[in-house]
Amino acid sequence: MDTNRRDFLRMTAAVGGGLAMPFAWASAAAAQGLDTMVVASGQTINSLDLHRTGTNRASYQVAINCYDRLVGFGSRQLPTGEMSYDYDTIVPELAESWTLSDDGLVLTFTLKPDAVFTDGTPVTAADVKWSFDRAVSVGGFPTTQMAAGGFFRPDQFEAVDERTFVVRLDYPSKLSLPDLAVPVPFVINSTVARANATADDPWAMEYLHTTTAGSGAYTVARWDQGQQLVYERNDIWAGGPLPAIRRVIMREVPSPATRRALIERGDVQVSFDIPDRDASELDGTVDVFSTPIENCIHCACLNTRFEPFQDPEVRKAIAHAIPYEAIFQSAAYGRGAPMWGGSEEITDTAWPRPFPYVLDMERAREHLEASSFAGGFPVQLSISLDLASWMEPAALLIQESLGQLGITTTVDRIPGANWRTVALVDKTLDFHLENFGGWLNTPDYYFFWAYQRDRLFNSSNYDNEEVHELTERTLHMAMDDPEWAPMIQRMFQIVIEDLPRIPLYQPALNVAVNGASGYEFWFHRQLDPRRMTGV
Amino acid sequence: MAGRARAIGIRLAQTVPVILGVVVISFILTRALPGDPAVYFAGAMADEQSIQQVREALGLDQPLVTQFFLYFADLVRGDLGRSISTGQPVLTDLAMRLPASLELTLSALIVSCAIAIPLGVLAAVRQGSWVDHLCRVLVTAGVSLPTFFTGILLVYVFYYLLGWAPSPLGRLDFIYLEPPRVTGFYLVDSLLARDLETFGATVRQLALPTITLALFTLAPIARMTRAAMLQALSSDYIRTARAAGLSRGKVLFGYGLRNALLPVVTTLGMVFSFVLGANVLVEKVFAWPGIGSYAVEALVASDYAAVQGFVLAMALLFVTLNLIIDLSYALIDPRIGFDTK
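Those sequence lines, one after another, are chains E and V.
So the first sequence is residues -11 to 523, counted in the working numbering.
So the second sequence is residues 230 to 570, counted in the working numbering.
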């Protein structure tokens, strides 16, 4: 064989290259990818266990990253080009497949055969049963959220065999399956948890507060409370495609100014939940995602217990006297979606939807003159100090505008620790701002919490028999049922006319990214690094 | 010497009613705060029943007097209770966070003393000269610039624009591991572990917050040094010393400064105690896991155990500090003895 030196080199290179293929691919991937992602956030993680009393919103991310649920949500592209989770697509996480009985009452899940906890033991239906029992038994937020999907008692859950898990519902509901994809019903390694439970603490709340025992995409490598939480990738994760990023460091940085300097310098890859103002100013310098928060509306609420607000003309006068655009610009710096100036005609079931009111002082005056309070009246406008960043500018602009009609408002600032009691429980605030948002993204779910009689977020004491009735009927009905859309549109029509809540705008969740990609918006408003990659 | 030990004993005994008072007052004040922790921690979605469950779990359904005696009994056993928002024993939280605050405050005070005392002395000696004016400018700036502003300004210039300072991310950059815990002070612990690299990283992280706080604490110390020094220098014993032909150094430092130090040490004690509790804003800007932000967060959440623990820890600290200051008076000025009290 006639080989010269050059051919020989070429040949060995080809062979060597061929042999080293997986290796070469791996190193190329590492070069492109991001091995460690640093995230700055102003929120503090106060527990590794979502079910514990007092666990704050920032801690929900641990349930998402370190545990799996039976099912999860897919992702979709929003019309704005940003990526978001997809409420309408349920994807497998621990469950390989599931079926719903014809009467809609029995959900049967088959677990993935290769699903294992991080300690290597297989995930069994008994673990799922124990975790669900825990979620409906511990009380507080997890129990309430489970109830929204129709899960109330441990006897509804049954582990038939190692891999088959059955849920029996009291009534069929479209909310059941999506409610199993929210962070609450996460699956815990019940063997580990039970070993650390005591007679006083049968659900191992103490142990799981500081240790995770799950099957999720990441494990907690380190948690320095008040400073940082470090995630390491779980390489035997079976819940979905292995995340590209091996290690995620969540650093707590309380000062927004410091977070801004960090993201601009590129020392952190993600600055999570930044103020609207920073988002509008950073836009263009780094990647800024401002996704309107699904099913969440910032509202001005008119309490029906307050005499002038019982007059429909007064309510319309106020709806026409709110300076929507000015509020949107100065309270939200234009981040989010406008909720005013919508069409009069209701042809779809989109929610949140702009109400057909605009700032028009002439019409406002006409309405007020037609009412029995033509000369105006004094009223207190209450805001929460915890939410002062948007409530304060909005309240001042409303105060100024209503002053022109002779409605004199005094702004009452209520401490955050007190707000829930007076605004939501006692419902005694005449005129106030409110910001309810629902996790389950259907209009009837919003109505259930905010418009139905006596519900917690119905801070206006709104009580309309027809809305109450229609909400009851639509809440669990499938959205492709032909009766559903007409009923929803009727509900829209009534509340647009009655105006117990005047929508101001839909707020946005702002996230700045510098040196990473694949950011997706999630309804739980936490970062999901599982689908993120390097640039 | 025995007299002194006895005097210290008496001083310590005098602090017992103070501490008891603090325990009672902090208990009553936290209960008087608006807001209901059971409602707060049950979460926005909770219903009446789950709020009641939380209230029972927190022991808040008991009458106030019972709650107080339960709290007091725990306290005697050295149990400060458990913070609901962090879910950890308050003692653990304090042990984590107090050293962070102390390290920052002490380094700031050392830096500011190193600048303020010589500056004050020079300003007093060369009254009306450029040093005096410089002192006045620094003092005015230190008093009038709020710490969060100085902090953000320093971050902007030295981190964002120049890139000299490391990322303002707390006590240690995340590429370093914290040194094995002995005292909780990273500077000391890293030296004990003979880990100079971590020591250097700690110093770099400390630099900007220390300068921020030092600028703020410099003002009262420099002002007090200058005033006390002026007073000392115009007194009879200095004139006598000068007339006796003692050296300039001996007159200035041996007689002038030593006498001027008393009010300076008093000021130092006040500044220390004030800054330790009040540097929340600096902690926020530099993501410093200190005790100030812990207390503020606990207050916002009506986290009773954490607030009470913080107040008690501060009270103990102040009592100790005052004792140390009293003792140092006796060292500086032998005329002040404990026996006379």
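Don't be surprised by glycine CBs; every beta carbon is placed ideally from N, CA and C.
Which same chain residues, not among the five before or five after residue 15 of chain E, have their C-beta less than 6 Å away from its C-beta? Note that residue 15 of chain E scores a pLDDT of 37, beneath 50, so its modelled location is shaky and nothing firm can be said.
I want to see whether chain V comes within less than 7 Å of residue 406 of chain E, judged by CB atoms only; does it? yes
Name the chain B residues whose beta carbon is nearer than 7 Å to that of residue 34 of chain E? In summary, chain B is missing from the structure at hand, where the protein chains are E and V.
Along the segment 520 to 544 of chain V, where does the CB come closer than 8 Å to a CB of chain E? Name the residues. For the segment 520 to 544 of chain V, which is checked against every Cβ of chain E, the residues closer than 8 Å are 522, 523, 526, 529, 530, 531.
Are the C-beta of residue 515 of chain E and some C-beta of chain V separated by less than 7 Å? no
Name the residues in the segment 235 to 256 of chain E whose C-beta lies less than 8 Å from a C-beta of chain V; which are they? Within the segment 235 to 256 of chain E, the qualifying residues are 237, 239, 240, 241, 242, 243, 245, 246, 249, 250, 252, 253, 255, 256.
Taking DSSP's pairing of strands, which residues face residue 311 of chain V in a bridge? Bridge partners of residue 311 of chain V: V:318.
With which residues is residue 367 of chain E paired in a DSSP beta bridge? The partner list for residue 367 of chain E (beta bridge, DSSP) reads E:397.
Short-range partners of chain V found in the segment 41 to 53 of chain E, where Cβ spacing is below 7 Å: 41, 42
Near-chain V residues of the segment 289 to 301 of chain E - C-beta to any C-beta below 7 Å: none
Give a yes or no on whether the minimum CB-CB distance between residue 173 of chain E and chain V is below 7 Å. Judged by the 7 Å Cβ criterion, residue 173 of chain E is not in contact with chain V.
Give every residue of the same chain whose Cβ lies closer than 8 Å to the Cβ of residue 471 of chain V, excluding the five residues on either side of it in the sequence, and list them in chain order. 480
For residue 440 of chain E and chain V, any beta-carbon pair shorter than 7 Å? no
What are the uninterrupted segments assigned as alpha helix (DSSP H) that are 4 or more residues long and contained completely in the segment 381 to 460 of chain V, given in chain order? 415 to 421
Verify the CB distance criterion: does residue 409 of chain E have a CB-CB separation below 7 Å to chain V? yes
C-alpha gap between residue 207 of chain V and residue 365 of chain V, whole angstroms: An answer regarding residue 207 of chain V cannot be provided, because it is not within the stretch 230 to 570 covered by chain V.
Starting from residue 403 of chain E, find everything on chain V with Cβ-Cβ shorter than 8 Å and list it in chain order. Those are 263, 264, listed as they occur along chain V.
Identify the contact partners of residue 286 of chain V in chain E, using a Cβ-Cβ distance below 7 Å as the criterion. 41
Using a threshold of 7 Å, state whether the C-beta atoms of residue 222 of chain E and residue 201 of chain E are closer than that. Not a contact, by the Cβ cut-off of 7 Å.
What do you reckon, are the CB atoms on residue 323 of chain E and residue 264 of chain E nearer than 7 Å? yes
Counting only beta-carbon separations shorter than 7 Å, does residue 513 of chain V have a partner in chain E? So, interface residue.
Cross-chain neighbours of residue 411 of chain V in chain E, by beta carbon under 9 Å: In chain order: nothing, as chain E lies at least about 17 Å away.
Between which two residues does the alpha helix (DSSP H) harbouring residue 129 of chain E extend? In this chain, the alpha helix (DSSP H) harbouring residue 129 of chain E covers 128 to 136.
Residue 164 of chain E beta carbon less than 7 Å from that of residue 138 of chain E: yes
Are there 16 or more other CB atoms within 10 angstroms of the CB of residue 469 of chain E, so buried, or fewer, so exposed? exposed
Whole beta strand (DSSP E) runs in the segment 489 to 521 of chain E with 3 or more residues, listed along the chain? Listed in chain order, they are 489 to 494, 496 to 501.
If residue 458 of chain E and residue 478 of chain E are in contact, beta carbons under 8 Å, what's the gap, nearest whole angstrom? 6 Å
How do the segment 242 to 249 of chain E and the segment 344 to 364 of chain V stand: do at least 3 beta-carbon pairs fall below 8 Å, yes or no? no
Close beta carbons around residue 528 of chain V, own chain, < 7 Å, minus the five adjacent residues each side: 536
The alpha helix (DSSP H) with residue 147 of chain E in it runs from where to where? Note, residue 147 of chain E: premise wrong, no alpha helix (DSSP H); beta strand (DSSP E) at 145 to 149.
Where residue 534 of chain E sits in the DSSP three-state scheme: In the structure as shown, chain E begins at -11 and stops at 523. Residue 534 of chain E is therefore absent and cannot be evaluated.
Report the start-end ranges of each beta strand (DSSP E) in the segment 187 to 250 of chain E that is 3 residues or longer and not cut off at the edges. 206 to 212, 216 to 221, 235 to 240
Which of the residues in the segment 187 to 207 of chain E, read from start to end, lie with their CB under 7 Å from any CB of chain V? 197
Out of E:340, E:315, E:236, E:86, point me to the one whose CA is closest to residue 522 of chain E's CA. E:236
7 Å Cβ shell around residue 393 of chain E - same chain, five flanking residues per side excluded: 305, 309, 352, 353, 356, 364
Could you please give me the residues that DSSP links to residue 65 of chain E through a beta bridge? E:71
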